[in-house]
Amino acid sequence: MLHQYDKLKRQQEELERKEKEIKESTDAYIFNVSKYCVLNIAINNIMCDQSIRIKLFDTLAPVACGGTVSINDGSKLINIKDKQFNQIRHDREGLILMNINESITRFTITLGPAEEFNEECTVIGEIVDSMEILKNINDCFAGADVQADGGITLTNVTIYSCGEQ
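Counting in my numbering, the sequence shown runs from 39 upward without gaps.
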């Protein structure tokens with residue numbers, strides 16, 4: 039019985055090792071073929087001296103990363119015929135998510151693991167530079183009684199320019 043347990047344990051370890059290798063090679067592939075874009079932001083009308091650099095997962099979420107944009111008020115404008123989530127888990131900070139069921143242009147950036155979004159949102163990119171800017175913005179809200187869906191604005195954050203890099 040002990041011999042069988044040891045054998046199963048070794049098989050489990052081998053499967054975990056192979057799973058890790060596959061994840062690392064997938065991440066490397068995504069990193070190498072992805073497009074990049076930058077966001078330049080101002081906080082309380084003061085421009086940040088760094089750009090937030092984003093790696094877009096345009097091969098995994100092509101419609102979300104480059105859908106047709108025709109209006110500027112944030113209303114529905116992306117028509118997604120095949121609503122399919124990619125397999126990237128919401129397991130770390132800096133991921134850019136989009137709820138493809140809502141078909142709107144809003145996106146979310148994770149500040150830590152957010153597994154609750156795995157069934158609602160698809161990952162369309164990841165912050166690769168200047169995550170500390172977003173953490174500083176979040177710190178402005180720490181301890182405040184603010185609701186994300188329309189509470190008091192403590193800091194005015196504006197994306198004043200963006201583009202592909």
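Note that CB positions come from ideal geometry on N, CA and C, so glycine has one too. Everything numeric in this text was worked out from a predicted model, so none of it was measured.
Restricting attention to N156, N83, I60 and I165, the CA atom closest to the CA of I126 is found in N156. A buried status is given to G163, since no fewer than 16 other beta-carbon atoms sit within 10 Å of its beta-carbon. Closest by C-alpha distance to E170, out of I79, Q49, E158 and R144, is I79. With a beta-carbon spacing of about 5 Å, R91 and V166 fall inside the 8 Å limit used to define contacts. Counting the other Cβ atoms within 10 Å of the Cβ of M85 gives fewer than 16, which makes it exposed.
Secondary structure note for M136: its beta strand (DSSP E) is the uninterrupted segment L133 to M136.
Taking C-beta separations shorter than 8 Å and ignoring five residues to either side along the sequence, the partners of L135 in its chain run H128, F145, T146, I147, T148, A152, F155, C159, T160, V161 and I162, following chain order. DSSP links R91 through a beta bridge to V76 and D167. The alpha-carbon of R48 is positioned some 41 Å away from that of Y74. Minimum Cα-Cα distance from I197 among the listed residues F95, N83, C178 and L133 corresponds to N83. Its chain contains Q88, S89, I90 and R91 as the residues whose beta carbon lies nearer than 7 Å to that of S168, once the 5 sequence neighbours on both sides are disregarded; these appear in chain order. When secondary structure is reduced to three states using DSSP, I126 falls in the coil class, being assigned neither helix nor strand.
In its chain, beyond the 5 residues on either side, no residue has a beta carbon closer than 6 Å to the beta carbon of E62.
For E140, the secondary structure class from DSSP, reduced to helix, strand or coil, is coil. Only residues of its own chain outside the window of five on either side were considered, and among them C75 and V76 have a CB closer than 7 Å to the CB of G201, listed in chain order.
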